[in-house]
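Chemist:
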Amino acid sequence: MGKSPQLAAIFWLLAGASASIQSGDAMSNGVDCNSVRLYRVLMDLGERLPIPMTTLYEERLESYYSANAALAPSCMLLPESTQDVSQFMHMVSSHHCPFGIRSGGHSAYKGANSVDDGTTLDFSYMNETTYDIKTTIASVQPGARWGAVYNALDPFGVTAVGGRADVVGVGGFITGGGYSFYAGTMGWACDTVHNFEIVLANGSVIDVNHDEHQDLFQAMKGSSGNLGLVTRVDLNTINSTQIWGGYLTYDWADRAAVFDAYYYFAEDFGKDPASEAIIVMVYAADNLSLWSILSNTQAVIAPPAFNNYTAIANLSDTTTVGSIAELVPEFTGATPLGVYSNWFSGSISNAVVTEFLEFYYQTLTEYIDKMEAVITHNSSLSVVGNMQPIPQTWVDISKEMGGNVLGLDELVLDGPLAAWLFSVTVTEKDDQPAVLELAEEFVSALEAYSDSLGANKNWHYLNYAYKTQDPIAGYGDEAVAKIKAASAAYDPHGVFQELRHSGFKIPV
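FYI, in mature numbering (1 follows the signal peptide of the UniProt record, and there is no 0) the residues of the sequence shown are -19 to -1, 1 to 489.
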(Lines of atoms letter the chains of each structure in order from A and count residues from 1; the text may use other names and numbers.)
(Lines give C-alpha, C1' and ligand atoms only; values in the text may rest on other atoms or scores of the structure.)
Protein backbone atom coordinates (compact mmCIF):
# COMPACT_ATOMS: atom_id res chain seq x y z
CA MET A 1 0.00 0.00 0.00
CA GLY A 2 1.40 3.44 -0.98
CA LYS A 3 2.03 6.28 1.40
CA SER A 4 -0.70 8.89 1.95
CA PRO A 5 0.11 12.36 0.54
CA GLN A 6 0.56 13.67 4.08
CA LEU A 7 2.89 10.86 5.11
CA ALA A 8 4.84 11.21 1.87
CA ALA A 9 5.21 14.90 2.55
CA ILE A 10 6.57 14.20 6.02
CA PHE A 11 9.23 11.93 4.50
CA TRP A 12 9.97 14.71 2.01
CA LEU A 13 10.39 17.18 4.86
CA LEU A 14 12.69 14.78 6.68
CA ALA A 15 14.79 14.36 3.56
CA GLY A 16 15.06 18.12 3.26
CA ALA A 17 16.25 18.36 6.85
CA SER A 18 18.88 15.69 6.32
CA ALA A 19 20.19 17.41 3.22
CA SER A 20 20.52 20.73 4.98
CA ILE A 21 22.27 19.17 7.96
CA GLN A 22 24.76 17.42 5.69
CA SER A 23 25.46 20.69 3.87
CA GLY A 24 26.13 22.50 7.13
CA ASP A 25 22.93 24.54 7.12
CA ALA A 26 21.38 23.09 10.27
CA MET A 27 20.21 25.65 12.79
CA SER A 28 22.22 26.29 15.91
CA ASN A 29 19.81 24.55 18.26
CA GLY A 30 19.63 21.44 16.12
CA VAL A 31 16.07 22.07 14.91
CA ASP A 32 15.89 22.61 11.17
CA CYS A 33 12.85 24.33 9.68
CA ASN A 34 12.37 21.44 7.25
CA SER A 35 12.37 18.84 10.00
CA VAL A 36 9.55 16.59 11.11
CA ARG A 37 9.93 17.96 14.63
CA LEU A 38 9.06 21.44 13.44
CA TYR A 39 6.24 20.11 11.31
CA ARG A 40 4.74 18.52 14.42
CA VAL A 41 4.86 21.84 16.22
CA LEU A 42 2.57 23.25 13.56
CA MET A 43 0.58 20.10 12.77
CA ASP A 44 -2.45 21.08 14.87
CA LEU A 45 -3.10 23.86 12.38
CA GLY A 46 -4.41 21.19 10.01
CA GLU A 47 -5.66 22.47 6.66
CA ARG A 48 -4.06 25.83 7.32
CA LEU A 49 -0.66 24.19 6.90
CA PRO A 50 -0.52 23.05 3.26
CA ILE A 51 2.51 20.91 2.49
CA PRO A 52 4.01 19.67 -0.80
CA MET A 53 1.97 17.17 -2.80
CA THR A 54 -1.34 18.49 -1.45
CA THR A 55 -4.00 20.25 -3.49
CA LEU A 56 -4.07 23.42 -1.41
CA TYR A 57 -0.30 23.78 -1.61
CA GLU A 58 -0.40 23.64 -5.41
CA GLU A 59 -3.38 26.00 -5.57
CA ARG A 60 -1.55 28.57 -3.49
CA LEU A 61 1.51 28.38 -5.76
CA GLU A 62 -0.69 28.81 -8.83
CA SER A 63 -2.36 31.90 -7.34
CA TYR A 64 0.72 34.12 -7.62
CA TYR A 65 0.56 36.91 -10.19
CA SER A 66 4.16 36.24 -11.23
CA ALA A 67 5.40 32.67 -11.34
CA ASN A 68 8.84 34.02 -10.43
CA ALA A 69 7.59 34.71 -6.94
CA ALA A 70 5.96 31.32 -6.45
CA LEU A 71 8.82 29.59 -4.66
CA ALA A 72 8.10 26.13 -3.26
CA PRO A 73 8.55 26.24 0.54
CA SER A 74 8.80 23.28 2.88
CA CYS A 75 5.32 24.21 4.00
CA MET A 76 2.97 27.17 4.06
CA LEU A 77 0.95 28.58 6.91
CA LEU A 78 -2.39 30.22 6.17
CA PRO A 79 -3.31 31.90 9.47
CA GLU A 80 -6.89 32.79 10.26
CA SER A 81 -6.26 34.95 13.30
CA THR A 82 -3.74 37.17 14.99
CA GLN A 83 -3.22 34.36 17.49
CA ASP A 84 -2.14 32.04 14.67
CA VAL A 85 0.41 34.62 13.54
CA SER A 86 1.62 35.13 17.09
CA GLN A 87 2.12 31.39 17.52
CA PHE A 88 3.97 31.25 14.22
CA MET A 89 6.36 34.07 15.12
CA HIS A 90 7.05 32.59 18.53
CA MET A 91 7.85 29.28 16.84
CA VAL A 92 10.15 30.60 14.11
CA SER A 93 11.96 32.86 16.57
CA SER A 94 12.55 30.16 19.15
CA HIS A 95 13.55 27.52 16.58
CA HIS A 96 15.47 29.94 14.30
CA CYS A 97 13.50 28.98 11.19
CA PRO A 98 13.58 30.89 7.89
CA PHE A 99 10.28 32.20 6.60
CA GLY A 100 8.72 34.46 3.97
CA ILE A 101 5.66 36.72 4.00
CA ARG A 102 2.85 36.95 1.47
CA SER A 103 -0.16 39.26 1.61
CA GLY A 104 -1.53 39.53 -1.94
CA GLY A 105 1.48 38.08 -3.74
CA HIS A 106 1.57 40.81 -6.41
CA SER A 107 5.27 41.66 -6.15
CA ALA A 108 6.91 39.97 -9.07
CA TYR A 109 10.56 39.10 -8.49
CA LYS A 110 11.90 35.81 -7.18
CA GLY A 111 12.04 36.00 -3.39
CA ALA A 112 9.64 38.92 -3.06
CA ASN A 113 6.99 37.15 -1.03
CA SER A 114 7.87 33.49 -0.59
CA VAL A 115 10.78 31.19 0.26
CA ASP A 116 12.11 27.84 -0.87
CA ASP A 117 14.04 27.14 2.32
CA GLY A 118 11.43 27.37 5.06
CA THR A 119 7.81 28.37 5.62
CA THR A 120 5.82 30.92 3.64
CA LEU A 121 3.33 32.78 5.82
CA ASP A 122 0.42 33.32 3.44
CA PHE A 123 -2.15 35.82 4.73
CA SER A 124 -4.78 34.92 2.13
CA TYR A 125 -7.25 33.61 4.73
CA MET A 126 -6.99 36.85 6.74
CA ASN A 127 -8.88 39.00 4.24
CA GLU A 128 -11.81 40.64 6.04
CA THR A 129 -12.83 44.29 5.88
CA THR A 130 -15.11 45.86 8.49
CA TYR A 131 -16.34 49.43 8.89
CA ASP A 132 -17.21 51.29 12.07
CA ILE A 133 -19.89 53.87 11.33
CA LYS A 134 -19.23 55.78 14.56
CA THR A 135 -15.47 56.16 14.15
CA THR A 136 -15.48 56.05 10.31
CA ILE A 137 -12.52 53.68 10.54
CA ALA A 138 -12.14 50.72 8.18
CA SER A 139 -10.35 47.73 9.69
CA VAL A 140 -8.70 45.58 7.05
CA GLN A 141 -6.72 42.37 7.34
CA PRO A 142 -3.45 42.12 5.39
CA GLY A 143 -4.54 39.39 2.98
CA ALA A 144 -7.46 41.42 1.64
CA ARG A 145 -7.21 42.70 -1.91
CA TRP A 146 -8.14 46.25 -2.74
CA GLY A 147 -11.01 45.35 -5.04
CA ALA A 148 -12.68 43.48 -2.19
CA VAL A 149 -11.97 46.34 0.23
CA TYR A 150 -13.66 48.86 -2.06
CA ASN A 151 -16.65 46.57 -2.51
CA ALA A 152 -17.00 46.09 1.25
CA LEU A 153 -16.94 49.83 1.94
CA ASP A 154 -19.08 50.93 -1.01
CA PRO A 155 -22.49 50.26 0.67
CA PHE A 156 -21.49 52.71 3.42
CA GLY A 157 -20.74 55.45 0.91
CA VAL A 158 -17.07 55.57 1.89
CA THR A 159 -13.79 54.33 0.53
CA ALA A 160 -10.16 53.98 1.58
CA VAL A 161 -6.91 55.19 0.08
CA GLY A 162 -5.71 52.03 -1.62
CA GLY A 163 -4.39 50.39 -4.73
CA ARG A 164 -5.28 51.28 -8.29
CA ALA A 165 -5.36 47.58 -9.21
CA ASP A 166 -8.02 45.44 -7.57
CA VAL A 167 -5.81 42.35 -7.20
CA VAL A 168 -3.11 44.04 -5.11
CA GLY A 169 -2.90 42.91 -1.48
CA VAL A 170 -3.33 45.35 1.40
CA GLY A 171 -0.41 44.46 3.68
CA GLY A 172 2.53 44.86 1.35
CA PHE A 173 0.98 47.78 -0.49
CA ILE A 174 0.61 49.91 2.63
CA THR A 175 3.93 49.07 4.26
CA GLY A 176 5.64 49.85 0.94
CA GLY A 177 4.08 53.33 0.78
CA GLY A 178 1.11 52.97 -1.54
CA TYR A 179 0.40 55.05 -4.67
CA SER A 180 -3.32 55.81 -5.02
CA PHE A 181 -5.82 57.97 -6.86
CA TYR A 182 -6.16 60.05 -3.69
CA ALA A 183 -2.47 60.86 -3.21
CA GLY A 184 -2.89 64.56 -4.01
CA THR A 185 -5.36 65.09 -1.18
CA MET A 186 -4.52 62.26 1.24
CA GLY A 187 -0.84 61.49 0.65
CA TRP A 188 0.49 57.97 0.46
CA ALA A 189 -1.77 55.12 1.55
CA CYS A 190 0.50 54.53 4.53
CA ASP A 191 -0.21 58.10 5.68
CA THR A 192 -3.90 57.28 6.13
CA VAL A 193 -3.25 54.51 8.65
CA HIS A 194 -4.92 55.19 11.99
CA ASN A 195 -3.50 52.12 13.69
CA PHE A 196 -1.48 48.99 12.94
CA GLU A 197 -2.01 45.76 14.85
CA ILE A 198 1.42 44.14 14.71
CA VAL A 199 2.89 40.83 15.78
CA LEU A 200 6.49 41.37 16.81
CA ALA A 201 9.37 38.95 16.36
CA ASN A 202 8.85 37.40 19.81
CA GLY A 203 5.16 36.75 19.11
CA SER A 204 3.77 39.60 21.21
CA VAL A 205 0.88 41.62 19.79
CA ILE A 206 0.80 45.42 20.01
CA ASP A 207 -1.21 48.33 18.63
CA VAL A 208 0.91 50.97 16.94
CA ASN A 209 -0.42 54.48 16.34
CA HIS A 210 0.07 58.19 17.06
CA ASP A 211 -0.21 57.57 20.81
CA GLU A 212 1.38 54.15 21.26
CA HIS A 213 4.82 53.23 19.92
CA GLN A 214 5.10 56.37 17.81
CA ASP A 215 8.61 55.48 16.65
CA LEU A 216 7.43 52.17 15.22
CA PHE A 217 4.30 53.78 13.78
CA GLN A 218 6.34 56.11 11.60
CA ALA A 219 8.95 53.48 10.72
CA MET A 220 6.29 51.03 9.50
CA LYS A 221 5.27 53.47 6.76
CA GLY A 222 7.61 52.51 3.95
CA SER A 223 9.85 49.90 5.58
CA SER A 224 7.95 46.90 4.19
CA GLY A 225 8.23 43.67 6.23
CA ASN A 226 11.29 44.60 8.26
CA LEU A 227 9.79 45.36 11.66
CA GLY A 228 6.83 43.10 12.33
CA LEU A 229 3.82 41.34 10.84
CA VAL A 230 0.77 43.52 10.26
CA THR A 231 -2.33 41.52 11.18
CA ARG A 232 -4.80 44.40 10.93
CA VAL A 233 -4.62 47.92 9.61
CA ASP A 234 -7.17 50.53 10.69
CA LEU A 235 -7.63 53.12 7.97
CA ASN A 236 -9.11 56.58 7.91
CA THR A 237 -11.78 56.66 5.22
CA ILE A 238 -13.06 59.12 2.65
CA ASN A 239 -16.70 60.13 2.73
CA SER A 240 -17.19 59.61 -0.99
CA THR A 241 -16.84 56.81 -3.50
CA GLN A 242 -17.29 58.60 -6.83
CA ILE A 243 -14.38 59.36 -9.12
CA TRP A 244 -13.95 60.36 -12.74
CA GLY A 245 -11.26 58.71 -14.76
CA GLY A 246 -10.07 56.49 -17.56
CA TYR A 247 -7.57 56.13 -20.39
CA LEU A 248 -6.84 58.33 -23.37
CA THR A 249 -4.70 56.85 -26.15
CA TYR A 250 -2.69 58.88 -28.63
CA ASP A 251 -0.85 58.67 -31.92
CA TRP A 252 2.91 58.44 -31.39
CA ALA A 253 3.29 61.42 -33.73
CA ASP A 254 1.77 63.51 -30.92
CA ARG A 255 4.03 62.19 -28.19
CA ALA A 256 5.91 65.49 -27.72
CA ALA A 257 2.63 67.20 -26.86
CA VAL A 258 1.70 64.38 -24.47
CA PHE A 259 5.10 64.57 -22.76
CA ASP A 260 4.73 68.35 -22.43
CA ALA A 261 1.27 67.87 -20.95
CA TYR A 262 2.78 65.59 -18.32
CA TYR A 263 5.48 68.13 -17.45
CA TYR A 264 3.08 71.04 -17.00
CA PHE A 265 0.57 68.96 -15.06
CA ALA A 266 3.26 67.86 -12.61
CA GLU A 267 4.56 71.42 -12.18
CA ASP A 268 1.03 72.64 -11.35
CA PHE A 269 -0.03 69.58 -9.33
CA GLY A 270 -0.87 71.57 -6.21
CA LYS A 271 -3.46 73.69 -8.03
CA ASP A 272 -5.83 70.73 -8.35
CA PRO A 273 -4.76 68.00 -5.91
CA ALA A 274 -7.88 65.93 -6.64
CA SER A 275 -6.61 65.30 -10.17
CA GLU A 276 -3.89 62.84 -11.14
CA ALA A 277 -2.24 62.04 -14.47
CA ILE A 278 0.09 59.22 -15.47
CA ILE A 279 1.86 58.61 -18.78
CA VAL A 280 1.94 54.96 -19.89
CA MET A 281 3.67 53.14 -22.75
CA VAL A 282 2.19 49.70 -23.32
CA TYR A 283 3.48 46.96 -25.59
CA ALA A 284 1.22 43.95 -26.13
CA ALA A 285 0.16 41.83 -29.09
CA ASP A 286 2.98 43.31 -31.22
CA ASN A 287 1.74 46.86 -30.72
CA LEU A 288 3.26 49.74 -28.74
CA SER A 289 0.73 52.34 -27.63
CA LEU A 290 0.81 55.62 -25.70
CA TRP A 291 -1.74 56.36 -23.00
CA SER A 292 -2.52 58.90 -20.36
CA ILE A 293 -4.44 57.72 -17.30
CA LEU A 294 -6.44 60.63 -15.91
CA SER A 295 -8.52 60.73 -12.73
CA ASN A 296 -10.30 63.18 -10.46
CA THR A 297 -11.42 62.02 -7.02
CA GLN A 298 -14.11 64.70 -6.76
CA ALA A 299 -15.75 63.20 -9.86
CA VAL A 300 -15.26 66.41 -11.85
CA ILE A 301 -15.45 65.56 -15.54
CA ALA A 302 -12.35 66.62 -17.50
CA PRO A 303 -11.26 69.34 -15.05
CA PRO A 304 -9.09 72.24 -16.29
CA ALA A 305 -5.99 70.57 -14.86
CA PHE A 306 -6.15 68.22 -17.86
CA ASN A 307 -6.62 70.86 -20.56
CA ASN A 308 -3.21 70.13 -22.09
CA TYR A 309 -4.12 66.45 -22.38
CA THR A 310 -7.62 66.91 -23.73
CA ALA A 311 -6.40 69.44 -26.31
CA ILE A 312 -4.48 66.63 -28.03
CA ALA A 313 -6.43 64.52 -30.51
CA ASN A 314 -6.90 61.07 -29.02
CA LEU A 315 -7.47 57.69 -30.60
CA SER A 316 -9.75 56.49 -27.80
CA ASP A 317 -11.21 57.78 -24.54
CA THR A 318 -12.61 55.56 -21.77
CA THR A 319 -13.13 58.26 -19.12
CA THR A 320 -16.33 58.05 -17.13
CA VAL A 321 -17.79 58.71 -13.68
CA GLY A 322 -18.39 55.85 -11.27
CA SER A 323 -17.59 54.47 -7.87
CA ILE A 324 -14.03 53.43 -7.19
CA ALA A 325 -15.35 49.89 -6.65
CA GLU A 326 -16.65 49.96 -10.23
CA LEU A 327 -13.81 51.76 -11.96
CA VAL A 328 -10.73 50.10 -10.46
CA PRO A 329 -11.47 46.72 -12.10
CA GLU A 330 -11.87 48.58 -15.41
CA PHE A 331 -8.50 50.26 -14.90
CA THR A 332 -6.92 46.91 -14.04
CA GLY A 333 -8.54 44.69 -16.61
CA ALA A 334 -8.07 40.95 -16.40
CA THR A 335 -4.92 40.06 -14.48
CA PRO A 336 -3.28 36.86 -15.73
CA LEU A 337 -1.72 34.53 -13.18
CA GLY A 338 1.40 32.44 -13.55
CA VAL A 339 3.21 34.68 -16.02
CA TYR A 340 6.90 35.53 -15.67
CA SER A 341 7.09 39.19 -14.81
CA ASN A 342 9.75 41.52 -13.41
CA TRP A 343 9.35 45.16 -12.39
CA PHE A 344 11.86 47.97 -12.02
CA SER A 345 11.54 51.53 -10.73
CA GLY A 346 13.50 54.76 -10.72
CA SER A 347 13.12 58.52 -10.53
CA ILE A 348 14.34 61.78 -12.02
CA SER A 349 13.71 65.49 -11.64
CA ASN A 350 10.57 66.66 -13.39
CA ALA A 351 12.63 69.49 -14.91
CA VAL A 352 14.03 67.10 -17.54
CA VAL A 353 11.09 64.72 -17.81
CA THR A 354 10.27 65.50 -21.45
CA GLU A 355 13.81 64.66 -22.58
CA PHE A 356 13.78 61.55 -20.44
CA LEU A 357 10.43 60.35 -21.81
CA GLU A 358 11.69 60.73 -25.38
CA PHE A 359 14.83 58.76 -24.51
CA TYR A 360 12.66 56.16 -22.77
CA TYR A 361 10.51 55.78 -25.88
CA GLN A 362 13.40 55.56 -28.34
CA THR A 363 15.35 53.10 -26.22
CA LEU A 364 12.26 51.04 -25.42
CA THR A 365 11.51 50.46 -29.10
CA GLU A 366 15.06 49.16 -29.59
CA TYR A 367 14.84 46.78 -26.65
CA ILE A 368 11.39 45.50 -27.56
CA ASP A 369 12.87 44.37 -30.89
CA LYS A 370 15.75 42.69 -29.06
CA MET A 371 13.38 40.94 -26.66
CA GLU A 372 11.09 39.73 -29.43
CA ALA A 373 14.14 38.26 -31.15
CA VAL A 374 15.03 36.02 -28.20
CA ILE A 375 11.62 34.62 -27.21
CA THR A 376 10.21 31.41 -28.63
CA HIS A 377 7.34 31.33 -31.10
CA ASN A 378 4.86 29.97 -28.54
CA SER A 379 5.57 32.74 -26.03
CA SER A 380 4.30 36.29 -25.86
CA LEU A 381 5.96 39.47 -24.62
CA SER A 382 4.33 42.43 -22.91
CA VAL A 383 5.96 45.57 -21.59
CA VAL A 384 4.67 48.49 -19.53
CA GLY A 385 6.44 51.75 -18.81
CA ASN A 386 4.93 54.61 -16.90
CA MET A 387 5.72 57.95 -15.33
CA GLN A 388 3.91 59.58 -12.42
CA PRO A 389 4.65 62.73 -10.44
CA ILE A 390 5.47 63.03 -6.74
CA PRO A 391 5.07 66.70 -5.76
CA GLN A 392 5.82 68.69 -2.62
CA THR A 393 2.15 68.51 -1.58
CA TRP A 394 2.44 64.76 -0.96
CA VAL A 395 5.35 65.32 1.39
CA ASP A 396 3.49 68.10 3.20
CA ILE A 397 0.46 65.85 3.74
CA SER A 398 2.69 63.07 5.04
CA LYS A 399 4.19 65.41 7.62
CA GLU A 400 0.73 66.54 8.75
CA MET A 401 -0.27 62.88 9.21
CA GLY A 402 2.74 62.04 11.38
CA GLY A 403 5.36 61.32 8.76
CA ASN A 404 6.73 58.22 7.05
CA VAL A 405 10.19 56.92 6.17
CA LEU A 406 10.01 57.18 2.38
CA GLY A 407 12.70 59.86 2.47
CA LEU A 408 11.20 62.27 -0.05
CA ASP A 409 11.57 65.54 1.87
CA GLU A 410 14.86 66.63 0.30
CA LEU A 411 14.14 65.14 -3.10
CA VAL A 412 11.21 67.43 -3.94
CA LEU A 413 12.75 70.71 -2.77
CA ASP A 414 13.74 71.64 -6.33
CA GLY A 415 10.44 70.59 -7.86
CA PRO A 416 8.36 67.47 -8.41
CA LEU A 417 9.99 64.08 -8.63
CA ALA A 418 9.07 61.99 -11.67
CA ALA A 419 8.88 58.31 -10.73
CA TRP A 420 9.11 55.74 -13.49
CA LEU A 421 8.19 52.08 -13.80
CA PHE A 422 9.33 49.45 -16.26
CA SER A 423 7.85 45.97 -16.28
CA VAL A 424 8.45 43.11 -18.67
CA THR A 425 6.44 39.90 -18.87
CA VAL A 426 6.75 36.68 -20.84
CA THR A 427 4.46 33.68 -20.76
CA GLU A 428 7.10 30.96 -21.02
CA LYS A 429 9.62 30.25 -18.25
CA ASP A 430 12.46 29.35 -20.62
CA ASP A 431 12.27 32.80 -22.24
CA GLN A 432 12.72 34.69 -19.01
CA PRO A 433 16.54 34.59 -18.55
CA ALA A 434 17.33 36.17 -21.92
CA VAL A 435 14.53 38.73 -21.66
CA LEU A 436 15.46 39.62 -18.09
CA GLU A 437 19.07 40.23 -19.11
CA LEU A 438 17.87 42.66 -21.77
CA ALA A 439 15.49 44.30 -19.30
CA GLU A 440 18.35 44.96 -16.91
CA GLU A 441 20.36 46.46 -19.77
CA PHE A 442 17.44 48.75 -20.59
CA VAL A 443 17.08 49.88 -16.98
CA SER A 444 20.83 50.53 -16.80
CA ALA A 445 20.49 52.72 -19.88
CA LEU A 446 17.70 54.70 -18.21
CA GLU A 447 19.78 55.20 -15.07
CA ALA A 448 22.86 56.22 -17.07
CA TYR A 449 20.86 58.74 -19.09
CA SER A 450 19.38 60.17 -15.88
CA ASP A 451 22.91 60.53 -14.54
CA SER A 452 24.05 62.26 -17.72
CA LEU A 453 21.30 64.85 -17.23
CA GLY A 454 22.34 65.38 -13.62
CA ALA A 455 18.75 64.56 -12.69
CA ASN A 456 18.82 61.04 -11.25
CA LYS A 457 17.10 61.09 -7.85
CA ASN A 458 18.15 57.48 -7.07
CA TRP A 459 14.83 56.87 -5.32
CA HIS A 460 13.02 53.64 -6.14
CA TYR A 461 9.39 53.06 -5.21
CA LEU A 462 9.63 49.88 -3.16
CA ASN A 463 6.46 48.24 -4.43
CA TYR A 464 7.71 48.50 -8.03
CA ALA A 465 11.41 47.84 -7.39
CA TYR A 466 13.46 44.89 -8.62
CA LYS A 467 15.38 42.78 -6.12
CA THR A 468 18.74 44.39 -6.91
CA GLN A 469 17.57 48.00 -6.57
CA ASP A 470 17.76 48.30 -2.76
CA PRO A 471 14.93 50.84 -2.44
CA ILE A 472 15.21 51.39 1.32
CA ALA A 473 18.78 52.63 0.91
CA GLY A 474 17.38 55.32 -1.38
CA TYR A 475 15.30 56.75 1.47
CA GLY A 476 18.41 58.47 2.80
CA ASP A 477 20.44 58.27 5.99
CA GLU A 478 17.87 59.89 8.28
CA ALA A 479 15.03 57.59 7.25
CA VAL A 480 17.22 54.48 7.36
CA ALA A 481 18.40 55.47 10.85
CA LYS A 482 14.77 55.62 12.03
CA ILE A 483 14.09 52.16 10.61
CA LYS A 484 17.24 50.75 12.20
CA ALA A 485 16.33 52.28 15.56
CA ALA A 486 12.86 50.74 15.42
CA SER A 487 14.36 47.38 14.46
CA ALA A 488 16.78 47.51 17.39
CA ALA A 489 13.96 48.38 19.79
CA TYR A 490 11.29 45.95 18.62
CA ASP A 491 13.34 43.16 17.02
CA PRO A 492 16.58 43.17 19.05
CA HIS A 493 17.62 39.71 17.85
CA GLY A 494 17.19 40.62 14.18
CA VAL A 495 14.59 37.99 13.37
CA PHE A 496 13.17 39.95 10.45
CA GLN A 497 16.67 40.56 9.08
CA GLU A 498 18.16 37.09 9.56
CA LEU A 499 15.23 34.67 9.36
CA ARG A 500 12.88 36.50 6.98
CA HIS A 501 14.14 35.44 3.57
CA SER A 502 11.63 37.37 1.47
CA GLY A 503 11.44 41.01 0.45
CA PHE A 504 13.78 43.94 0.90
CA LYS A 505 15.97 44.32 3.99
CA ILE A 506 17.24 47.26 6.02
CA PRO A 507 20.58 48.38 4.54
CA VAL A 508 23.55 47.29 6.63
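The beta carbon of each residue, even a glycine, is placed where N, CA and C say it ideally should be.
To the nearest whole angstrom, what separates the beta carbons of PHE423 and THR344, a pair I think is in contact under 8 Å?
Modeler: At roughly 6 Å, the Cβ-Cβ gap stays under 8 Å, so PHE423 and THR344 are in contact.
Chemist: To the nearest angstrom, how far is the alpha carbon of THR218 from that of THR140?
Modeler: The alpha-carbon atoms of THR218 and THR140 are separated by roughly 6 Å.
Chemist: Output the residue ranges of the beta strand (DSSP E) runs that lie fully inside the region 407 to 443 and measure 3 residues or longer, sorted by chain position.
Modeler: Runs of the beta strand (DSSP E) inside the region 407 to 443: none found.
Chemist: Across the region 193 to 202 and the region 252 to 260, are there enough close Cβ pairs to call them in contact, namely three or more that are closer than 8 Å?
Modeler: With the cut-off at 8 Å, the region 193 to 202 and the region 252 to 260 do not touch.
Chemist: If I measure Cβ to Cβ from VAL376 and keep anything under 7 Å in the same chain, skipping five residues before and after, which residues do I get?
Modeler: Closer than 7 Å at the Cβ level, and outside the excluded window around VAL376, lie LEU389, ASP390, VAL393.
Chemist: Counting Cβ pairs closer than 8 Å, one from the region 295 to 309 and one from the region 218 to 234, do we hit at least three?
Modeler: The region 295 to 309 vs the region 218 to 234: in contact.
Chemist: Going by alpha carbons, who is nearest to GLY152 out of PHE162, LYS410, TYR106?
Modeler: Looking at the Cα atoms, TYR106 is the closest of the given residues.
Chemist: Could you check where the beta strand (DSSP E) with SER204 kicks off and where it finishes?
Modeler: No beta strand (DSSP E) holds SER204; DSSP gives it neither H nor E.
Chemist: Which term fits TRP233, buried or exposed, when burial requires 16 or more other beta carbons within 10 angstroms of its beta carbon?
Modeler: Burial call: exposed.
Chemist: Quick one, which of ILE329, SER322, THR346 has its alpha-carbon nearest TYR45's?
Modeler: Nearest of ILE329, SER322, THR346 to TYR45, Cα basis: SER322.
Chemist: In angstroms with no decimal places, state the Cα-to-Cα distance between LEU387 and ILE371.
Modeler: Distance between the alpha carbons of LEU387 and ILE371 is about 12 Å.
Chemist: In terms of residues, what are the limits of the alpha helix (DSSP H) holding VAL132?
Modeler: Here residue 132 turns out to be Asn, not Val, going by the sequence shown. From DSSP, the alpha helix (DSSP H) with ASN132 extends over 127 to 134.
Chemist: Measure how close the beta-carbons of LEU271 and TYR231 come, nearest whole angstrom, since I'm counting them as under 8 Å.
Modeler: About 5 Å separates the two Cβ atoms, so the contact holds.
Chemist: Mind checking ASP458: buried by the 16 CB within 10 Å criterion, or exposed?
Modeler: Exposed.
Chemist: Applying the 10 Å Cβ sphere with the 16-neighbour rule, what's the burial state of LYS438?
Modeler: Buried, by the Cβ-count rule.
Chemist: Are the beta-carbon atoms of LEU134 and TYR163 separated by less than 9 Å?
Modeler: The answer is no: Cβ separation not under 9 Å.
Chemist: Report the residue ranges of all beta strand (DSSP E) runs contained in full by the region 34 to 98; include only those spanning at least 3 residues, in chain order.
Modeler: Those beta strand (DSSP E) runs which fall completely within the region 34 to 98 and span 3+ residues are 56 to 58, 80 to 83.
Chemist: Out of HIS358, MET382, SER47, ASP215, which one is the CA nearest neighbour of TYR447?
Modeler: Ranking the options by Cα distance to TYR447, first place goes to SER47.
Chemist: Classify ASP489 as buried or exposed, calling it buried when 16 or more other Cβ atoms lie within 10 Å of its own Cβ.
Modeler: Correcting the residue type first, residue 489 is Val in the shown sequence and not Asp. Answer is exposed; the Cβ neighbour count stays below 16.
Chemist: Do the region 320 to 335 and the region 424 to 431 touch if we need at least three Cβ pairs shorter than 8 Å?
Modeler: Yes, since at least three Cβ pairs between the region 320 to 335 and the region 424 to 431 fall closer than 8 Å, the two stretches touch.
Chemist: Measuring alpha carbon to alpha carbon, tell me which of TYR160, ARG41, ALA469 ends up nearest ASP103.
Modeler: ASP103 has its Cα closest to that of ARG41, out of TYR160, ARG41, ALA469.
Chemist: Can you list, in chain order, the residues of its chain whose CB lies under 6 Å from that of THR406, leaving out five sequence neighbours each side?
Modeler: So the qualifying residues of the chain are VAL320, SER322, SER363.
Chemist: Quick one: Cα of ALA242 to Cα of PRO33, how far?
Modeler: Approximately 52 Å between the Cα atoms of the pair.
Chemist: Nearest-angstrom Cα distance between ALA119 and PRO397?
Modeler: So the two alpha carbons sit approximately 31 Å from each other.
Chemist: Please report the distance separating the alpha-carbon of LEU181 from that of ASN108.
Modeler: When rounded, the distance between both Cα atoms is 20 Å.
Chemist: Near ASN295, which residues of its chain fall below 7 Å by C-beta distance, leaving aside the five closest residues on each side in sequence?
Modeler: These residues qualify, in order along the chain: LEU229, THR230, TYR231.
Chemist: Return helix, strand or coil for TYR447, following the three-state DSSP convention.
Modeler: DSSP places TYR447 in coil when its eight states are reduced to three.
Chemist: For LYS351, tell me which candidate among PRO317, SER273, ASP267 has the shortest Cα-Cα distance.
Modeler: Among PRO317, SER273, ASP267, the Cα nearest to that of LYS351 is on ASP267.
Chemist: Compute the Euclidean distance between the alpha carbons of LYS465 and ILE329, then round it to the nearest angstrom.
Modeler: Those two C-alpha atoms are separated by around 27 Å.
Chemist: Between the alpha carbons of HIS441 and GLY159, how many angstroms are there, rounded?
Modeler: HIS441 and GLY159: Cα-Cα distance of roughly 13 Å.
Chemist: Can you tell me whether GLN64 is buried or exposed? The criterion is at least 16 other CB atoms within 10 Å of its CB, across all chains shown.
Modeler: Answer is exposed; the Cβ neighbour count stays below 16.
Chemist: Going straight from the alpha carbon of MET201 to that of VAL148, what length do you get?
Modeler: Taking the straight line joining both Cα atoms gives about 22 Å.
Chemist: Verify whether the separation of the beta carbon atoms of ILE349 and ALA415 is less than 9 Å.
Modeler: Going by C-beta atoms, ILE349 is not nearer than 9 Å to ALA415.
Chemist: Taking the C-alpha atoms as reference points, what is the distance between GLY150 and THR156?
Modeler: Taking the straight line joining both Cα atoms gives about 11 Å.
Chemist: From ALA129 to GLY435, what distance separates their C-alpha atoms?
Modeler: Cα to Cα, the separation comes out at about 43 Å.
Chemist: How would you label ASP472, buried or exposed, when you count the other beta carbons within 10 angstroms and need 16 or more for buried?
Modeler: Its Cβ being crowded by 16 or more others within 10 Å, ASP472 is buried.
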